[in-house]
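Novice: Got a structure for you, questions after.
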Amino acid sequence: MLTPRSARVGKIAALSGRSVRQREGRFRVEGPQAIRALLEREARDRAEGRDGILDELYLTTKARDAHPELEQLAETVGARPRLVTPDVIEAMVREQGHQSVTNPQGAIAVARSVERDWRDLLDAQGTGPVTIVVCERLQDPGNAGLVMRTADASGAHAVFFSEGSVDPLAPKVVRASAGSLFHVPFARKVPMGELLDALRSRSIATAATSPRGAQNLFDWTPPERLAWLMGNEAHGLDAATLEAADARVAIPIYGSAESLNLATATTLCLFESARARAGAR
Numbered sequence: 126m127l128t129p130r131s132a133r134v135g136k137i138a139a140l141s142g143r144s145v146r147q148r149e150g151r152f153r154v155e156g157p158q159a160i161r162a163l164l165e166r167e168a169r170d171r172a173e174g175r176d177g178i179l180d181e182l183y184l185t186t187k188a189r190d191a192h193p194e195l196e197q198l199a200e201t202v203g204a205r206p207r208l209v210t211p212d213v214i215e216a217m218v219r220e221q222g223h224q225s226v227t228n229p230q231g232a233i234a235v236a237r238s239v240e241r242d243w244r245d246l247l248d249a250q251g252t253g254p255v256t257i258v259v260c261e262r263l264q265d266p267g268n269a270g271l272v273m274r275t276a277d278a279s280g281a282h283a284v285f286f287s288e289g290s291v292d293p294l295a296p297k298v299v300r301a302s303a304g305s306l307f308h309v310p311f312a313r314k315v316p317m318g319e320l321l322d323a324l325r326s327r328s329i330a331t332a333a334t335s336p337r338g339a340q341n342l343f344d345w346t347p348p349e350r351l352a353w354l355m356g357n358e359a360h361g362l363d364a365a366t367l368e369a370a371d372a373r374v375a376i377p378i379y380g381s382a383e384s385l386n387l388a389t390a391t392t393l394c395l396f397e398s399a400r401a402r403a404g405a406r
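Under the numbering used here, the letters of the sequence shown match residues 126 to 406, in that order.
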């Protein structure tokens, strides 16, 4: 029987640390919504002949009864949830010995890394219409998760996180993505210079948002093959990246706010691309 002091519980809690996640190639998934997306991904992978990524699944009795679909989905992929007490779940989400403020609602899973090699992911985009998000030195976990969620909702094809960005497998990012992490392929630690060259060689245009953009976002028609370049929350894009962009686009501000935060700006840009794709059909 697992207790809050069990070694296995400690190992799951340790996945809050980036170095542990990288060393083990695993990450923690919290809450029924994200775990449902994980199990759906697991079923899809197995049906298509790919290896699954689910390692461990834990539920409290209350969570099992409130979300019976989790146990049903787990059974379809040959997994069996382990029932644990609420204090065990709480111990699994402790960060550096401190109680976490998150509420995993009695559901925790551990999965193997879902990241892709950035070159392979770019090659997989083919030659047809494609929308990509490139995040340069993005730091805020909440923003990273919201970018993943918006990419999923808008039908974007991939997300690339540059070197120096937050780890997209960090617990706060996984929570903020609300399960979209399992729907949109992504790569991390991507070298920006090499990526920009690779995009150009594959005839994928690049667009950067800038308050000094030459074109109003709502007057501009995004090309069919486009990578949106989104910069650091405080400093924006590096000068070299901004200079390399094929287009600079400004998001108009109609009120008194100086600017929009990164997640909101990304949402507007991605849905403009989605609207252009829909209009081209």
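Ideal Cβ placement from N, Cα and C applies to all residues, glycine included.
In this structure, how does DSSP classify His223 when only helix, strand and coil are distinguished?
Specialist: Reliability fails at His223, whose pLDDT of 49 lies under 50, so the model's placement of it is uncertain and the value that follows must be treated cautiously. The answer is strand: DSSP assigns His223 an E or B state.
Novice: Taking the alpha helix (DSSP H) that Ser326 falls in, what are its first and last residues?
Specialist: Counting along the chain, the alpha helix (DSSP H) containing Ser326 begins and ends at 317-326.
Novice: For Glu220, which of Leu182, Ala295, Pro157, Asn268 has the nearest alpha-carbon?
Specialist: Comparing Cα-Cα distances from Glu220 to each of Leu182, Ala295, Pro157, Asn268, the minimum goes to Ala295.
Novice: Using only CA atoms, which one of Thr334, Asp371, Trp345 lies nearest to Ala387?
Specialist: The residue asked about is misnamed: residue 387 is Leu in this sequence, not Ala. The candidate whose alpha carbon is nearest that of Leu387 is Thr334.
Novice: Taking 7 Å as the limit between beta carbons, can you name the residues of its chain near Pro229, skipping five residues before and five after?
Specialist: Around Pro229: Glu155, Gly156, Ile214, Val218.
Novice: Since I believe Ile376 is in contact with Ala390 (beta carbons under 8 Å), could you give me their beta-carbon distance rounded to a whole number of angstroms?
Specialist: About 6 Å separates the two Cβ atoms, so the contact holds.
Novice: Could you have a look at Trp345 and say whether DSSP puts it in helix, strand or coil?
Specialist: If DSSP states are grouped into helix, strand and coil, Trp345 belongs with coil.
Novice: Would you mind sorting Arg153 into buried or exposed? The rule is 16 or more other CB atoms within 10 Å of its CB.
Specialist: Buried: at least 16 other Cβ atoms inside 10 Å.
Novice: Mind listing, in chain order, the continuous beta strand (DSSP E) runs of no fewer than 3 residues lying wholly within the segment 212-289?
Specialist: Runs of the beta strand (DSSP E) inside the segment 212-289: 232-237, 255-260, 283-287.
Novice: Quick one, are the C-beta atoms of Arg262 and Ala312 less than 8 Å apart?
Specialist: No, they are not a contact pair.
Novice: My guess is that Ala104 and Leu320 are in contact by the Cβ rule of under 8 Å, so how many angstroms apart are they, rounded?
Specialist: In the structure as shown, the chain starts at 126 and stops at 406, and residue 104 therefore has no counterpart that could be examined.
Novice: Should Met355 go down as buried or exposed, given a rule of 16 or more other Cβ atoms within 10 Å for buried?
Specialist: It counts as buried.
Novice: Who are the Cβ neighbours of Ser144 in its own chain at under 8 Å, not counting the five residues just before and after it?
Specialist: No residues qualify anywhere along the chain.
Novice: Out of curiosity, what's the CA-to-CA distance linking Asn357 and Gln264?
Specialist: Each residue's Cα considered, the two are about 7 Å apart.
Novice: Distance check for Arg130 and Ile137, CA to CA, integer angstroms please.
Specialist: Rounded to whole angstroms, Ile137 to Arg130 spans 11 Å at the Cα level.
Novice: With distances taken from CA atoms, which of Ala332, Leu393, Val299 is nearest Gly270?
Specialist: Among Ala332, Leu393, Val299, the Cα nearest to that of Gly270 belongs to Val299.
Novice: Please find out if some non-hydrogen atom of the ligand HEM comes closer than 7 Å to the beta-carbon of Ala188.
Specialist: The ligand content of the structure shown is nil, which means the ligand HEM is not present either.
Novice: Can you tell me which of the three DSSP states Glu167 falls into?
Specialist: Residue state, collapsed to three classes: helix.
Novice: Measure the CB-CB distance between Ser76 and Arg350 and report whether it falls below 8 Å.
Specialist: The shown model of the chain, from 126 to 406, leaves out residue 76, and the question about it has no answer.
Novice: Since Val154 sits in a beta bridge, which residues does DSSP pair it with?
Specialist: According to DSSP, Val154 bridges with Ala234.
Novice: Taking DSSP as the reference, what is the three-state secondary structure of Leu182?
Specialist: Three-state DSSP puts Leu182 in a strand.
Novice: Within the continuous alpha helix (DSSP H) that includes Thr128, where are the two ends?
Specialist: First-last for Thr128: undefined, no H or E at that position.
Novice: Is the distance from the Cβ of Ile178 to the Cβ of Arg237 below 8 Å?
Specialist: Going by C-beta atoms, Ile178 is nearer than 8 Å to Arg237.
Novice: Taking DSSP as the reference, what is the three-state secondary structure of Leu354?
Specialist: DSSP places Leu354 in strand when its eight states are reduced to three.
Novice: For His223 and Gln147, what's the separation of their Cα atoms in angstroms?
Specialist: Interpretation of His223 is limited by its pLDDT of 49, a score under 50 that renders its predicted location unreliable; the figure taken from the coordinates is listed afterwards. Straight-line Cα distance between these residues: approximately 22 Å.
Novice: Note down, one range per segment and in chain order, each alpha helix (DSSP H) of at least 4 residues found wholly within the segment 366-406.
Specialist: Counting whole runs of 4 or more residues, the segment 366-406 contains the alpha helix (DSSP H) stretches 387-405.
Novice: Sort Arg402, Ala168, Ser141, Gly251 by Cα distance to Glu200 and report the nearest one.
Specialist: Considering only alpha carbons, the answer is Ala168.
Novice: Kindly indicate which three-state DSSP category Arg175 falls into: helix, strand or coil?
Specialist: Of the three classes helix, strand and coil, the one that applies to Arg175 here is coil, per DSSP.
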